[in-house]
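Okay, so the sequence shown: first residue is 4 according to the working numbering, each after it adds one.
C-beta: ideal position from N, C-alpha, C; glycine also.
If you're wondering where the values come from, they're calculated on a predicted model, not measured in any experiment.
Notes follow once the structure below has been shown.
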Amino acid sequence: MNHKLFTEMEECLARKKNLQLTGLTGSARAFVIKELQQRTGQTMLCLVSSEEKAHDLAADLLEFQVRPDMFLARDFIFIKENISTVETERIATLKRLLFNPGQVKVVIATPGGLLHLMATPADFKAGMLTLKTDQQIEVAEILNCLIKTGYERVDTVTRPGEIAVRGGIMDIFPVGAQEPCRIDFFGDQIDSIRRFNIDTQRSGSKEKQLILTPADELAFAEPAATLLDYLPPRAHLFVDEPGEFERLLEK
Numbered sequence: 004m005n006h007k008l009f010t011e012m013e014e015c016l017a018r019k020k021n022l023q024l025t026g027l028t029g030s031a032r033a034f035v036i037k038e039l040q041q042r043t044g045q046t047m048l049c050l051v052s053s054e055e056k057a058h059d060l061a062a063d064l065l066e067f068q069v070r071p072d073m074f075l076a077r078d079f080i081f082i083k084e085n086i087s088t089v090e091t092e093r094i095a096t097l098k099r100l101l102f103n104p105g106q107v108k109v110v111i112a113t114p115g116g117l118l119h120l121m122a123t124p125a126d127f128k129a130g131m132l133t134l135k136t137d138q139q140i141e142v143a144e145i146l147n148c149l150i151k152t153g154y155e156r157v158d159t160v161t162r163p164g165e166i167a168v169r170g171g172i173m174d175i176f177p178v179g180a181q182e183p184c185r186i187d188f189f190g191d192q193i194d195s196i197r198r199f200n201i202d203t204q205r206s207g208s209k210e211k212q213l214i215l216t217p218a219d220e221l222a223f224a225e226p227a228a229t230l231l232d233y234l235p236p237r238a239h240l241f242v243d244e245p246g247e248f249e250r251l252l253e254k
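Okay, structure coming up:
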């Protein structure tokens, strides 16, 4: 595709006109999505009909140095003590859309991901917990808040969505994080917050604050919103194989 054609497509999007593109196969779709996102500077929501196609599109986008956020159908079969990767990705995407929308370039969603009801943006924000060093707060208060929003209390944290307490020490594995955090208390005051390695238990970087998202979209509020409610107001929509996608939505 030449520069003139992309300019025309960009102008159509600016005027909020629909575009119908045919003949896009393989990585060509990813290239068009990447180009339009870079030209408009807006989030692109890409709707595909299956998880397989979602992962294929994500792989193609990565070839063009675009790392998409994934929003697949929630898995209701996963064991509570083992939060699925899908669930972790969904919550991480919602957090980024709410607090860093400018960093969200492309979101890939399936029919189930798009239609699934969850907490509203306001309820999601209300369900978040921020902990800071020197903050006065009781361990029991933190526990109650986190358990209410889907965290599981265990003896030793090993995966996202778990918390453990031993005396004046609380270990938390935030959803979407690569490593857990260890919080040391002096009475009811947070003395320090540090990342730590699960295998060695050695402390890593020191944090001034820890922002915790809910571990479960449905555990703490009435489901009344969809992914569309979290998108920036000027986000663009890209539907792959519209006929097939609409058929699956109707099912």
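Residue interval of the beta strand (DSSP E) (run including residue i)
{"i": "residue 239", "result": "239-242"}
{"i": "residue 111", "result": "109-112"}
Backbone secondary structure at residue i - three-state DSSP
{"i": "residue 23", "result": "coil"}
{"i": "residue 135", "result": "strand"}
{"i": "residue 162", "result": "coil"}
{"i": "residue 141", "result": "coil"}
{"i": "residue 250", "result": "helix"}
{"i": "residue 13", "result": "helix"}
{"i": "residue 234", "result": "coil"}
Closest residue to residue i among the options (Cα-Cα distance)
{"i": "residue 7", "options": "32, 26 and 39", "result": "39"}
{"i": "residue 94", "options": "46, 153, 64 and 36", "result": "153"}
{"i": "residue 42", "options": "33, 24 and 9", "result": "9"}
{"i": "residue 141", "options": "245, 157, 172 and 214", "result": "172"}
{"i": "residue 105", "options": "238, 250, 247 and 61", "result": "238"}
{"i": "residue 192", "options": "233, 151, 145 and 158", "result": "145"}
{"i": "residue 241", "options": "13, 235, 36 and 180", "result": "36"}
Endpoints, the alpha helix (DSSP H) within which residue i is located
{"i": "residue 30", "result": "30-43"}
{"i": "residue 91", "result": "88-102"}
{"i": "residue 223", "result": "Counting along the chain, residue 223 falls outside any alpha helix (DSSP H), and DSSP gives it neither H nor E."}
Would you call the region 133-151 and the region 95-106 in contact, with 3 or more CB pairs under 8 Å? no
Threshold first: 3 residues or longer. Then list the beta strand (DSSP E) segments lying entirely within the region 168-217, N to C. 172-176, 184-189, 192-199, 206-210 and 212-215
Of all the beta strand (DSSP E) runs that stay within the bounds of the region 50-83, which reach a length of 3 or more residues? 72-74
Counting pairs of beta carbons, one from the region 218-238 and one from the region 122-136, are three or more of them closer than 8 Å? yes
Within 8 Å, do at least three Cβ pairs link the region 27-34 to the region 209-218? no
contact_flag[the region 64-78, the region 203-211] where n(CB pairs < 8 Å) is 3 or more: no
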